[in-house]
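Chains as they are written, first to last, in this note's numbering: chain A, 14 to 669; chain S, 14 to 669. All C-beta atoms in this analysis are idealised placements derived from N, C-alpha and C, irrespective of residue type, glycine included. Step one of this worksheet: look at the structure below.
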């Protein structure tokens, strides 16, 4: 399918047309909407809903309010804009592309290696701050504003935050400190689009009277229709008069603004209460319809002016997964060549997280004290079935992981068994001290750490969780398990709920399993062999890395090297006698982490062997070194040297 | 010096006297104040200021508002009270003692093994939640309240929070969710004593109009004089009428209430703006004066009634450090006998944290872009000299570690070099995701992780930081150093500021160094030998554990076993060639952690050797297993088997 884009030259033309400012800004915004839509479609994933809702504000900033384009993105006197929520970045990329700040070749590589990260990264021209993990923006923006003042640099700082994001407590720390520290060159823009991920903010965590709240924190608060260029102009004018306080604009926007069927009042009705355009690329028909609608708006303006019609271009499709080598720097800063391999990154129909959702439901009747807690990721974490079946045992905390975890602590102290859900990168890190505090009370709580590991690699480093095992295994009494398949997922959850007296951490892959693995019943501390081989033994876990491990074993077998692949879902608890028997006869062992090399299974395995005085053989641990790459699964696995063929080569080099 | 206490029987008598309620409650409160004062004096440390400010509220709860004493602390229908800030727990212990809930033998063992923890722990009778790390209480209280409703249990939940504590963002997550989830059987009590640690709240992080803020979050807000029993009675009466919302009482109290010279208006004036009675035991003269003042108040009431005068008792002094064996369970739940050893836990005059404060000041002129950030621990972290000398480069964030760290991220993006200070247990954990986010921007930031390690062990497990190395070393580009002495502290900070391009984590002991260690100049990745010996090599770090390591070496030398003790301040960065040379000739190596066994130096050392294909010899890693004990340094080191004699015995058992 053709995916047409508007070239930068057309935006330059839009800027020169004899239009009143509101019409001109709307024209540019709709052009950027179209390009954001095309970029997400081309990438196959990305966040459209808030890219569209925030667009009129972002376009106004770069066209009319900020000096950034004029003085240049490297000027210390530039105005600074960034979005704290960050998932609206496809929209921002489109705006930066329209100004020539993001070059065409990168704009066409959204969520690809050497392209544009799925959440903001300062490695991309024009991106001022890394975000994607929520609630940090006001604090960081204040740091930038403070530094500007301290150095006598010009420029204001504008930070966009989402309304769902306002559930994060750090915002309220920052609202206070900004006033306390007298930082007044900071403006916060709330993209108040009323919908967070897939449900209304009112339903997930109603924010109450926002103007009253912010005013109570000492801010100057303005409010307007955030998709109306005229209203926005007046609001910015009003804020420009304020110099004795930091300023905040509550921009009432429509999630999906600009595409009628993606705008939330209609989209929520169509989706029966669920908003379908938060994340993910639209299907072909929806893409065509949205593209057409935006194009028509633009063409109508051009037609009224009787100027040349809209010029679009259709770029070459993105390179195939099997294709020419890509020259990149790997995570250690070394140049490497990525050639796609046909066997990398296959797919089965299995999602371990689906098995988790089903097992939750199955346990609900057996364990009446079980309650499920969510921080606005019910769809991704597959807890919605449980929510529907047991609304009185489902607790929605909104985007407030710390609050959710401490609430779980209270529930557990008084007879409930809480199952706490979020993405691992948020739960294990943001709520780390709260998890520790609960553990000191010796309460039984189960933490479901979703989206553990490197893949999918499109959302980028704020979402890929490669540190969660390290963050939790130093807490006494915690057992971390990452199942390899649906059967192990069910068994691990049942073991945690029904048998294990302590804290259970169930680490789950979020994407499809590359292959369906057959495993025997789960035994605490033990794994199972997936391949046999006499030359070396490799321990791995989780559906993604086990698939790569098996690809490695296949590649090695072709070269006469026998690799035993052991699936070891127990990441910090081992039956040492079993471990010894698995190692018997080998002179060399390998561990493949779906985690940083530091603090994962490898550290725990080697530590356990030394503790047990099992004479250690050389262990080589392969994990994600450096920050994770953003791209397609095959690209990123290769980038880190963790795809099957790379692993095979690394093993051969060591064991030769 | 005699430290007299009021026995429980006197409190029973107070309750039976023919007094009006306000006078009776004040009498009991003053009695509990006296006992809290004596307990802290006996312990040699503890938090008095807020124990005194909160006392009238706590006494009112247990005497007049809650059913807890009547139905019993195990009843599922009991009312639940706990303090989120937790450092007011000496006051709560005194109240629980007055009701016979905390038994005498434990009450006399504040901050001692088998006694009462320095911050609340549910292992103590009547303690409902672990706290001490701030901001979790409303969330946890809501969990308890929710569980009560779900199970049809009676009882309300009362949570005390501090005003300084209200700077933590989690509170605002919880204020919202409590309303959103319709939890109305929860009352929050703000001990608004206007002083946080040693300075006024207004100065550290002014909270603005609290009533307006809380009302904006949808709570029913009452406010009264929190040291006036009559006013408190009316306030609780008013709150009792509210059933459609959660309720909040802002109790305006005096920090140090009940002892004239400890009350904050006077104490702040005496202390020239700094409040001296937040933590630590009073000196003898102050103790005597405070004790006398409280005794006189009580005696006056009794005299007016013409009843028997106040009976006090003077318990035996606490056992000496060298004394009879103490039978306890160690952190693994096994029974052990603790006999004090005269050589354990000595003291030199050195504080590495003083050297840190001096080095900061020294660097200030050399590095003008350096800024220092604090989260209300300026005295403990020795940043006050810098604050006074460079107020324009010192940023006070209040108790808001996440906000502080993200602000540092913004500062670093725009040309400043931030040095971020807090206790390791809070900074590395609470702000973990923010530290990670900053690291993904590749910004140079230095985190000073104060109070790293097991000692002092009086404050308890919320403060002892035994996981911070594990929490930070999985972040790419982070170097963690724990210096052994003042010289290494200065050198490590200078290296981080002047030479290291990446993120530096300076882990610092907070207490006095047990001995003064001589060390050669610091070389990245290398340590130095402190003792020589041919039978085994032991790696350790930091003044506390190095001292124990040297005691072990001395004990082993007496038995003809030579132990080489190597001080290795680099916890995750090694010169492997140097490491090999240090290991050469040994068949066995040991690591002594001032950290959990998981995720510390041992894991990193062994991992580096395996990575480098240095043939591994057996490594035994001794660290803190289980949750840390609370007590005196010798008690707790022995409890964990980490005092010199225990280490010597463990090494002998392994290497024999």
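Against chain S, the beta carbon of residue 226 (chain A) has neighbours under 8 Å at 226, 229, 230, listed in chain order.
Contact annotation for residue 79 (chain A) against chain S: no contact, minimum CB-CB distance about 16 Å [criterion: below 7 Å]. Interface annotation for the segment 518-535 of chain A against chain S: empty, criterion Cβ-Cβ distance under 8 Å. Note that the C-beta distance between residue 582 (chain A) and residue 477 (chain A) is not below 8 Å. In terms of CA proximity to residue 275 (chain S), S:206 leads the group S:252, S:23, S:248, S:206.
Judged by DSSP secondary structure, residue 553 (chain S) falls within the beta strand (DSSP E) whose first and last residues are 549-553.
For residue 379 (chain A), the enclosing alpha helix (DSSP H) starts and ends at 365-379.
Among the residues facing chain A, residue 478 (chain S) is not included, as its CB has no counterpart in that chain under 8 Å away. Taking 8 Å as the CB threshold, residue 363 (chain A) stays off the interface with chain S. Straight across, the Cα-Cα distance linking residue 255 (chain A) with residue 298 (chain A) is about 47 Å.
Interface with chain A (8 Å Cβ-Cβ cutoff): residue 583 (chain S) is excluded. Closest by C-alpha distance to residue 595 (chain A), out of A:548, A:374, A:568, is A:548. Annotated three-state conformation of residue 478 (chain S) is strand, per DSSP. Against chain S, the beta carbon of residue 209 (chain A) has no neighbour under 9 Å; the closest one sits roughly 13 Å away. Within the segment 41-106 of chain S, the complete alpha helix (DSSP H) segments of 4 residues or longer fall at 62-66, 68-73, 81-84, listed in chain order.
For residue 636 (chain A), there is no enclosing alpha helix (DSSP H); the enclosing beta strand (DSSP E) covers residues 632-637. Scanning the segment 418-471 of chain A from its first residue to its last, the whole beta strand (DSSP E) runs of 3-plus residues come out as 430-436, 459-463. Taken in chain order, the whole beta strand (DSSP E) runs of length 3 or more contained in the segment 254-282 of chain A are 260-265. Assignment of beta strand (DSSP E) within the segment 207-241 of chain A, counting only whole runs of 3 or more residues, yields 233-238 in chain order. For the C-beta of residue 159 (chain S), the chain A residues within less than 9 Å are, from N- to C-terminus, 384, 408, 420, 423, 424, 427, 429. In the three-state reduction of the DSSP assignment, residue 606 (chain A) falls in the strand class, which pools E and B.
Between residue 524 (chain A) and residue 457 (chain A), the beta carbon gap of about 29 Å keeps them out of contact (Cβ cut-off 8 Å). Distance check between residue 27 (chain S) and each of S:321, S:489, S:243, S:71 places S:321 closest, using alpha-carbon atoms only. Spatial neighbours of residue 365 (chain A) in its own chain (CB-CB distance under 7 Å, excluding positions within 5 residues in sequence) are listed in chain order as 496, 498, 499, 502, 521, 522, 526, 556.
Under the 8 Å criterion on CB atoms, residue 183 (chain S) is classed as interfacial with respect to chain A.
Within its own chain, the residues whose Cβ lies closer than 7 Å to the Cβ of residue 82 (chain A), once the five positions on either side in sequence are excluded, are 75, 112, listed in chain order. Interface residue (Cβ-Cβ distance to chain A less than 8 Å): residue 149 (chain S) is classified as such. As the crow flies, the alpha-carbon of residue 102 (chain S) is around 12 Å from that of residue 45 (chain S).
Classified as buried, residue 519 (chain A) has 16 or more neighbouring CB atoms from the shown chains inside 10 Å of its CB. Interface residue (Cβ-Cβ distance to chain A less than 8 Å): residue 632 (chain S) is classified as such.
Excluding its 5 nearest sequence neighbours in each direction, residue 128 (chain S) has C-beta neighbours in its own chain below 7 Å: 119, 122, listed in chain order.
Secondary structure at residue 580 (chain A): strand, using DSSP grouped into helix, strand and coil.
With contacts defined as CB atoms closer than 8 Å, residue 643 (chain S) and residue 139 (chain S) fail to qualify as a contacting pair. Residue S:72 holds the alpha-carbon nearest to the alpha-carbon of residue 109 (chain S) among S:97, S:87, S:72, S:506.
Nearest neighbour of residue 659 (chain S) by Cα position, chosen from S:580, S:490, S:564, turns out to be S:564. Excluding its 5 nearest sequence neighbours in each direction, residue 646 (chain A) has C-beta neighbours in its own chain below 7 Å: 358, 468, 469, 470, listed in chain order.
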